[in-house]
Amino acid sequence: MNRKMTVLTVALSLAFAGQALAQKKYPPGITDTEIKVGQTSPLSGPASAYGTIPKVQMAYFKMLNEQGGINGRKINLIALDDAYSPPKTVEQVRRLVEKDQVAFIFNILGTAPNISVRKYLNSKKIPQLFTAAGASTFGNYKEYPWTIVLQPSYKDEARIYVEYLKKNKPDAKVALFTGNDDAGKDYVDGIKEAMGPELAKKMIVAEATFESTDPTVDSQVISLQASGADTLFVHAVSKWASMTIRKVYDIGWKPLFILSATGTSVSGVLAPAGLEKAKGIITAYYLKDPNDPQWANDQGYKDWLAFMKKYYPEGSTGDQLNVYGYTMAQALVQTLKQCGDDLSRENIMKQAANLDIALPMLLPGIKIKTGPTDYYGVQAQRMMRFNGQTWELFGDIIGEN
Amino acid sequence: MVDVADTMPVADAGHTKRVSFSEKWAWLPVLVIAVCLPFLVSDYRLFQGTLTLNYALVLFGLTILTGYSGQISLGHGAFYALGAYITAILITRFDVPYWATLPVSAVVCLAVGFVFGRPALRLEGHYLALATFALAVATPQFLKHKVLQPYTGGVGGILFTKPEAPFDLPISADAWIYWFTLFVTAILFVIGRNLLKGRIGRALLAIRDHPTAARAMGVDSAFFKSMAFAVSALFAGVAGSLGAISVQFVAPDSFYPLLSIMFLVGAVIGGLHSWWGPLFGAMFLQFIPNITDDMSKSASWAIYGVLMILSVFLMRDGIAGAINRLWGVLRRIAGARA
Chain A
1 MNRKMTVLTV ALSLAFAGQA LAQKKYPPGI TDTEIKVGQT SPLSGPASAY GTIPKVQMAY
61 FKMLNEQGGI NGRKINLIAL DDAYSPPKTV EQVRRLVEKD QVAFIFNILG TAPNISVRKY
121 LNSKKIPQLF TAAGASTFGN YKEYPWTIVL QPSYKDEARI YVEYLKKNKP DAKVALFTGN
181 DDAGKDYVDG IKEAMGPELA KKMIVAEATF ESTDPTVDSQ VISLQASGAD TLFVHAVSKW
241 ASMTIRKVYD IGWKPLFILS ATGTSVSGVL APAGLEKAKG IITAYYLKDP NDPQWANDQG
301 YKDWLAFMKK YYPEGSTGDQ LNVYGYTMAQ ALVQTLKQCG DDLSRENIMK QAANLDIALP
361 MLLPGIKIKT GPTDYYGVQA QRMMRFNGQT WELFGDIIGE N
Chain B
402 MVDVADTMPV ADAGHTKRVS FSEKWAWLPV LVIAVCLPFL VSDYRLFQGT LTLNYALVLF
462 GLTILTGYSG QISLGHGAFY ALGAYITAIL ITRFDVPYWA TLPVSAVVCL AVGFVFGRPA
522 LRLEGHYLAL ATFALAVATP QFLKHKVLQP YTGGVGGILF TKPEAPFDLP ISADAWIYWF
582 TLFVTAILFV IGRNLLKGRI GRALLAIRDH PTAARAMGVD SAFFKSMAFA VSALFAGVAG
642 SLGAISVQFV APDSFYPLLS IMFLVGAVIG GLHSWWGPLF GAMFLQFIPN ITDDMSKSAS
702 WAIYGVLMIL SVFLMRDGIA GAINRLWGVL RRIAGARA
């Protein structure tokens, strides 16, 4: 009995060894027909609105795979739910790496979730590509050479507004009105940092915040007007942006109105406020807004719309997140194409830090550009002014491309 | 010897004579398997095992509070967060070794729990639940507050290095943390079980089931109730510390308000009336979301809800209660055969 077992074991192990030798040697997650990619995002919980990003990306990879994939390899995106909770992110990313054996991690959503696995992924030398977070802590290539970000941070955007003011309205008296949340704090910090302490003291005359539970923002807007400010910066989303726009108009205040990119949806924010009331607002952004009629005949937009209708019909064609997810997926495809047949983790990281592309849903003139010492993809943005119907691009690109 | 806490501590007389399945010997194979786990499974599974033990500790605290003293807390996520942040801050700011942070967070959480539990005593039932829920809701905002930001790291949280096995032992960091967690959990389970089996457990049951009679017998109801709250806060705090050590990261988003509710769900599903129900509740919390996520991306929470309703309907005393009942049936069949 015992000898039989030994013989069997030896035979089996030889058989497996032979099989392993016959295969080409590939890093984890890569075969001749597949590239396995891991991701976590809040598919459940309070932040689950972002769950549309993995869905649109899976749809995009489905289209790509039907067209033959990348060099014959299909992309298999394994998207797991972390409910926006960092301990869950750690657990799920460890599952992706240790159990599912993905080649790399792509587009994890959220600041804290990304930070929670950054050390782990860097110590294992696994690429953490294109973090989906607005915080400015990512892109530190010296300390974390395996973590790279493409989207501009809130602070980058804030810097662009300050540059615009310095150039066009150096004696502005600025009022800041932001949501009392993480993004709001980032905007305020970003503006103050870009101004420097002295200029901030001179320029900023009033600050106010609102809570997401506030039924109206009337009193804040009135007190900001009373401060004598002639420039108003507002960071808000959805209905708070609408309410602010309406109130500012209704009390007859006519400041230079800067609205953060988070609240610029034409159908979601400006139309409910009244398009007429939103006239003259300026903002900065890097993606094409799918709600903006000026792109109706744009080839990039038409391709996106056709893709959405065919591969992700249940997704909203008015949701900017679906444009975002699509663009990030395209950036990933470009990275993998550049890798050719060398899909080692080193080369994937090298190519992710070697991008120079203009993608169809980026605003004209904006590029994703990375390098070995530049782990921030999009740094430039374009200023836009609302003309009562659409966002009109004006001025040059601000920030380095 | 069958004393009160050896049996199911349920008020109606029908239950009081049944000897629980867990007693005497059943814990032994569980402990042996738990100790041997690092030799059997991958590091990733060990990490999940560690998280399960963390949850089990919190749920044990809730079992003391809800199962025995009859108070409902929807705020234990706050104590879990407190323990986690104490550990993270002590490790990163004061270079305290990770194991030495546990007693600190135990003492602090015990004290905070007592201070909070004392006035909260005036709140009965639903009102206590709401007051504690306020604690859970406030925690993430509190952690992000400007004044505390230098210590808590704000939204970005605190990241620290994973403790390696000491004395150059040839085991992975995950195995070491797992054993460490298992050790602490086992000690706290033994302490908690002895509390519940003894005078204190009986006093708590008496207060829960018949406060007037308990007072007449000389039980200091106010003290015992706030002590129950404090001890359960201690369990949650130590669990939070262990959780921080194994995840090596704390952030406000880790302690979202729903977490406190999930703890109560886990405690109820595990079985509120037994000291080993928390283990099952913890497994439910840890593994069921993963399973439902694998089953369906879009309806994972719907499936989760259905499982929750089913288990509450089919297992009135939680998983522990169901196992007890099954054990009783098996014994009766065996008895009939003999």
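For the protein sequence lines, the chains are A and B, in the order given.
For the first sequence, position 80 matches number 80 in the numbering used here, and the numbering has no gaps at all.
For the second sequence, position 198 matches number 599 in the numbering used here, and the numbering has no gaps at all.
Ideal Cβ placement from N, Cα and C applies to all residues, glycine included.
All values reported here derive from a predicted model rather than from experimental measurement.
With distances taken between CA atoms, F590(B) lies nearest to G678(B) out of S573(B), G678(B) and L606(B).
A contact between stretches requires three or more CB pairs, one per stretch, nearer than 8 Å, and the segment 625-635 of chain B meets this requirement with the segment 499-517 of chain B. DSSP places N168(A) within a helical segment (H, G or I) once states are collapsed to three. Residues of chain B whose Cβ lies closer than 9 Å to the Cβ of Y84(A) are, in chain order, D654 and Y657. V378(A) sits in coil when the DSSP states are folded into three classes, being neither helix nor strand. Contact between V205(A) and A175(A) holds, with the beta-carbon distance rounding to 6 Å and staying under 8 Å. Under the criterion of beta carbons closer than 8 Å, G51(A) and Y84(A) do not qualify as touching, at roughly 10 Å. The C-alpha of D81(A) lies about 49 Å from the C-alpha of T613(B). Inter-segment contact for the segment 611-631 of chain B and the segment 440-459 of chain B is absent: fewer than three beta-carbon pairs are separated by less than 8 Å. Chain B has a Cβ within less than 9 Å of the Cβ of T137(A). According to the DSSP secondary-structure assignment, D81(A) is paired through a beta bridge with S41(A).
Residue pairing by DSSP puts D356(A) in a beta bridge opposite K369(A). For the C-beta of G45(A), the chain B residues within less than 9 Å are, from N- to C-terminus, Y657, L659 and W702. At a cut-off of 9 Å, the C-beta of Y445(B) has a neighbouring C-beta in chain A. The beta carbon of T390(A) is closer than 8 Å to those of V266, D292, P293 and Q294 in its chain, skipping five residues each way along the sequence. According to the DSSP assignment, D396(A) belongs to the beta strand (DSSP E) that extends over W391 to I398. Counting of Cβ neighbours within 10 angstroms places M618(B) among the exposed residues, the total staying below 16.
At least one beta carbon of chain A lies nearer than 9 Å to the beta carbon of D694(B). For D575(B), the closest alpha carbon among the candidates E98(A), L321(A), L232(A) and S227(A) is that of E98(A). Taking 9 Å as the threshold, the shortest C-beta distance from K626(B) to chain A does not fall below it. Within chain A, the residues placing a beta-carbon under 8 Å from that of V556(B) are T111, A112, A135, D182 and K185, ordered along the chain. I282(A) and I689(B) have their C-alpha atoms roughly 48 Å apart. The three-state secondary structure of H477(B), taken from DSSP, is helix. Using a Cβ-Cβ cut-off of 9 Å, G706(B) does not count as an interface residue toward chain A, since no Cβ of chain A sits closer than that to its own.
Non-local beta-carbon contacts of G722(B) in its own chain, meaning distances under 8 Å to residues more than five positions away in sequence, involve M409, G672, H674, S675, G678 and M716 in chain order. V513(B): member of the alpha helix (DSSP H) spanning T502 to A521, first to last residue. Residue-level contact check: S699(B) touches chain A, since one or more beta carbons of chain A fall below 9 Å from its beta carbon.
Beta-bridge pairing by DSSP links I75(A) to I35(A).
Closer than 9 Å to the CB of R95(A) there is at least one CB belonging to chain B. Boundaries of the beta strand (DSSP E) around A206(A): I204 to F210. Here DSSP, grouped into helix, strand and coil, assigns A623(B) to helix. Residues of chain B whose Cβ lies closer than 9 Å to the Cβ of V149(A) do not exist, since the nearest Cβ in that chain is about 14 Å away. Ranked by Cα distance from A358(A), the options N387(A), S153(A) and M328(A) are led by M328(A). Using a 10 angstroms sphere on the CB of V713(B), the tally of other CB atoms stays under 16, which defines it as exposed. Here P567(B) is exposed: its Cβ has fewer than 16 other Cβ atoms, across all protein chains shown, within 10 Å. Listed as beta-bridge partners of G179(A) by DSSP are F210(A).
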